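See structure below.
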Amino acid sequence: GAVVSQHPSWVICKSGTSVKIECRSLDFQATTMFWYRQFPKQSLMLMATSNEGSKATYEQGVEKDKFLINHASLTLSTLTVTSAHPEDSSFYICSASTGKRQPQHFGDGTRLSIL
Amino acid sequence: TQLLEQSPQFLSIQEGENLTVYCNSSSVFSSLQWYRQEPGEGPVLLVTVVTGGEVKKLKRLTFQFGDARKDSSLHITAAQPGDTGLYLCAGGGPSGAGSYQLTFGKGTKLSVIP
Chain G
-6 GAVVSQHPSW VICKSGTSVK IECRSLDFQA TTMFWYRQFP KQSLMLMATS
44 NEGSKATYEQ GVEKDKFLIN HASLTLSTLT VTSAHPEDSS FYICSASTGK
94 RQPQHFGDGT RLSIL
Chain C
4 TQLLEQSPQF LSIQEGENLT VYCNSSSVFS SLQWYRQEPG EGPVLLVTVV
54 TGGEVKKLKR LTFQFGDARK DSSLHITAAQ PGDTGLYLCA GGGPSGAGSY
104 QLTFGKGTKL SVIP
């Protein structure tokens, strides 16, 4: 149980392109979803927290206009990296939980490479 | 800012040996999770500890939460090649944005040599 699916797993695109990443909870309802970024040889850094039906809460230093988060249903959240540039290249990972303090179940991540 | 220091960063041992990974902070966490992450994949939850002094066992893995809820350890007995991976600790608590977040350590990369 508690399976989280992330898609796509790997994206390579040109600078200036917008990229959408999907995060789905397959067998449970995720009232809260989290988006993380992980640079090589570094740990996971929380970007934002989203609750179904409300605006995402962004961590300090994360541009909300650049990283658009939508959590329209209890099983789907999307992260759109707008006008991506090479410095946005990273491993993006989502997690989902049934509540703020409940265990987080992680997707397999999306490797984003901007040329 | 809450920080979690993990040690050692890298560990290479022979199959059958025992090892301990440490996770330390100056901050108190309401919970502490241990994850294992394979290259190119997301972290997989191993255990959650919430009570100071709590000890949990998962087969050959023993997890301990410090009495003050500031530190934790992961002990692996008789390590096997299948234990190879990146082990991450994460402390749960309020975030700077007023939400609830996991603060991750940088991880311990474990290699078990057959």
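From first to last, the protein sequence lines are chains G and C. Counting from -6, one number per residue, gives the positions in the first sequence under this note's numbering. Counting from 4, one number per residue, gives the positions in the second sequence under this note's numbering. A virtual CB, placed ideally from N, CA and C, is assigned to each residue, including glycine. Quick caveat, the model's predicted, so the values are computed rather than measured.
Interface flag for Ile86 of chain G against chain C is set, since a Cβ pair is found closer than 7 Å. Contact of Phe32 of chain G with chain C is not assigned, every C-beta pair being separated by 7 Å or more. Remark: fewer than three beta-carbon pairs, one from each stretch, lie closer than 8 Å, so the stretch 6 to 13 of chain G and the stretch 32 to 40 of chain G are not flagged as touching.
Residue burial annotation: Val31 of chain C is exposed, with fewer than 16 other C-beta atoms found within 10 angstroms of its C-beta.
Thr73 of chain G and Val58 of chain C have their C-alpha atoms some 41 Å from each other. Just so you know, the alpha carbons of Ser66 of chain G and Ser15 of chain C end up roughly 44 Å apart. Beyond the five residues adjoining it in sequence on each side, Gln17 of chain C comes within less than 7 Å, by CB distance, of Ile116 in the same chain, given in chain order. Here Ala77 of chain G is buried, its C-beta having at least 16 other C-beta atoms within 10 Å.
Counting only Cβ-Cβ distances below 9 Å, Leu105 of chain C has contacts in chain G at Phe27, Tyr29, Leu37, Leu39, Ser88 and Gln97, in chain order. Distances from the alpha-carbon of Ala82 of chain C to those of C:Leu89, C:Thr106, C:Ser114 and C:Gly55 put C:Ser114 closest.
Collapsing the DSSP output to three states places Asp74 of chain C in a strand.
Trp28 of chain G sits buried, since 16 or more C-beta atoms from the chains shown fall within 10 Å of its C-beta. Any Cβ of chain G closer than 7 Å to the Cβ of Leu77 of chain C would place that residue at the interface, and such an atom is absent. Within the DSSP secondary-structure output, Leu108 of chain G pairs in no beta bridge. Residues of chain G with a Cβ closer than 8 Å to the Cβ of Thr51 of chain C are, in chain order, Pro96. What Lys73 of chain C touches in chain G, judged by beta-carbon distance under 8 Å, is nothing: the nearest beta carbon there is about 18 Å away. The beta-carbon of Gly46 of chain G is placed no less than 7 Å from the nearest beta-carbon of chain C. Taking 7 Å as the cut-off, the beta carbon of Phe68 of chain C is found no closer than this to the beta carbon of Val47 of chain C.
Residue state for Gly95 of chain C is assigned as strand, using DSSP reduced to three classes. Of all residues in the stretch 15 to 44 of chain C, those with a C-beta nearer than 8 Å to a C-beta of chain G are Ser33, Ser34, Gln36, Tyr38, Gly43 and Glu44, reading in chain order.
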